[in-house]
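Residue numbers (the numbering used here): -10 to 187.
Backbone N, C-alpha and C define an ideal beta-carbon position, used for all residues, glycine too.
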């Protein structure tokens, strides 16, 4: 006589195995999401060189702002305006001081130097610039696809001024980038786990 449970003996084991596979995939996805968020965070918060706020240009920036403020005040007085609403000839200041920066200077090299390294601390630097950080984030996301559980993921920036920038050298990031991201670490992990629940 055949048992009514014949053929069902492995169903529980199969369910456990399926759950284990799903859990492993969720852990992998969570780890990748954590790496991407940490890297994206430091990239987004990284200051981009802005010659207008450099100490060497502070007088020129203040002067140019004063000229802009003066012209704006002139526009507020109807006696200074033509019927078309423009400043009358000879009223507008057309003066200004040049902002000094090295020839061909383009900010964004610091942002472009963030990169992911797996299992080794690389000592490379790059000459590229990325003012928005979008290309660097895209490269990070692409590099995360190589990550395997058990590996150590390093998010690095080897430019010599990385440490001074982290510790307040830039007015754009007085609290640094890494320290702020580390303070959010638990929140980043919990969100990744929520997003990849089994």
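For the pair the segment 155 to 169 and the segment 61 to 76, tell me if three or more CB-CB distances fall below 8 Å. By the Cβ test, the segment 155 to 169 is not in contact with the segment 61 to 76, since fewer than three Cβ pairs between them sit closer than 8 Å.
Indicate whether residue 79 and residue 56 have their beta-carbon atoms separated by less than 8 Å. Walking along the chain shown from the start, residue 79 turns up at place 90. Walking along the chain shown from the start, residue 56 turns up at place 67. The answer is no: Cβ separation not under 8 Å.
Secondary structure of residue 104, DSSP reduced to three states: Taking the first residue of the chain shown as 1, we reach residue 104 at position 115. Residue state, collapsed to three classes: strand.
In terms of residues, what are the limits of the beta strand (DSSP E) holding residue 142? Position 153 of the chain shown holds residue 142. Residue 142 -> beta strand (DSSP E) spans 142 to 145.
What is the DSSP secondary structure of residue 70, reduced to helix, strand or coil? To locate residue 70, count along the chain shown from 1; it is residue 81. Residue 70 falls in the strand class under three-state DSSP.
Looking at C-alpha atoms only, which residue of 141, 25, 49, 122 is the closest neighbour of residue 102? Sequence index remark: in the chain shown, residue 102 carries index 113 (1-based). Ranking 141, 25, 49, 122 by Cα distance to residue 102 puts 122 first.
In terms of residue numbering, what span does the alpha helix (DSSP H) encompassing residue 59 cover? Walking along the chain shown from the start, residue 59 turns up at place 70. Residues 47 to 64.
Candidates 153, 134, 168: closest to residue 105 by CA position: Here residue 105 refers to the residue found at position 116 of the chain shown. When each option's Cα is compared against that of residue 105, the closest is 134.
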